[in-house]
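Q: Following this message is one structure expressed as structure tokens.
In the numbering used here, the protein residues as written are 158 to 372.
And the structure:
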């Protein structure tokens, strides 16, 4: 009757031309060793010694690009000697920004997108927010619009000069509208988290876009 057991091995040493009566010399985990006839062994499981990925971090948290610009994203894996460092890249909105297999981001059109990297080992993730600005900046000199301070701490001031009727729309980098009011000359930013925002001022059927940063 065969002995049914599982050997968890780090190293196996054997001779050529094995037969059922050949002996298998085994170094076991923990340093002990023994010899077994192959005919007596029912099953052997070999465990490969691997180093698992513990975390992955992209070197930047957000980037701003103009249409057709590129940006190479770099990342760090911990530990450095992890066995499997393979990753995959993806974009939440390929109409705004794409990313190739090597982490190269290409800005496609105005808007925002989230770029994600995921490890094959452990499915660990990190993200970076991408904002794509218009190729040319909005000309505000002739209409005398002032938005300040930027970066913002608690209060944003809006000065529109001769424009009396307008709508103010505040959105996050994913395009979610957080605030929308008419003819307001300030916004309380104390209720918003630190990060990047878009403010759109709509007046006389024209759109004036501003990127804001909350400290």
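Heads up, the beta-carbon is just placed ideally off N, CA and C, and yes, glycines get one too.
As the structure is a prediction and not an experimental result, all values here were calculated from the model.
Can you give, in chain order, each stretch of the beta strand (DSSP E) that sits fully within the stretch 258-317 and has at least 3 residues?
A: Taking only runs of at least 3 residues, the beta strand (DSSP E) segments lying wholly in the stretch 258-317 are 261-264, 268-276, 282-290, 303-305, 312-316.
Q: Rounded to a whole number of angstroms, what is the C-alpha to C-alpha distance between residue 274 and residue 208?
A: One-based indexing of the chain shown puts residue 274 at position 117. One-based indexing of the chain shown puts residue 208 at position 51. Whole-angstrom Cα-Cα distance: 20 Å.
Q: Taking only three categories from DSSP, how would you classify residue 175?
A: The residue labelled residue 175 in the question sits at position 18 within the chain shown. Caution applies to residue 175, whose pLDDT of 46 falls short of 50 and renders its modelled position unreliable; the model cannot decide the point.
Q: Taking only heavy atoms of the ligand FMN into account, decide whether any of them is closer than 8 Å to the Cβ of residue 215.
A: As for the ligand FMN, it is missing from this structure, which has no ligand bound.
Q: Can you name, in chain order, every residue of its own chain whose Cβ lies under 7 Å from the Cβ of residue 248, other than the five neighbours on each side?
A: Against the chain shown, residue 248 aligns to sequence position 91. Taken in chain order, the residues that qualify are 254, 255, 256, 270, 272.
Q: Does the count of Cβ pairs from the stretch 304-323 and the stretch 343-352 closer than 8 Å reach three?
A: Because the criterion of three Cβ pairs below 8 Å is met, the stretch 304-323 and the stretch 343-352 touch.
Q: Within the chosen definition, does the stretch 227-234 reach the stretch 210-218 through at least 3 CB pairs nearer than 8 Å?
A: The stretch 227-234 vs the stretch 210-218: in contact.
Q: Just verifying my parser: in three-state terms, what is the DSSP assignment at residue 322?
A: Here residue 322 is taken as the residue at index 165 of the chain shown, counted from 1. Here residue 322 sits in coil by DSSP.
Q: Can you tell me where the beta strand (DSSP E) holding residue 224 begins and where it ends?
A: The residue given as residue 224 occupies position 67 in the chain shown. Here residue 224 belongs to no beta strand (DSSP E), and DSSP marks it neither H nor E.
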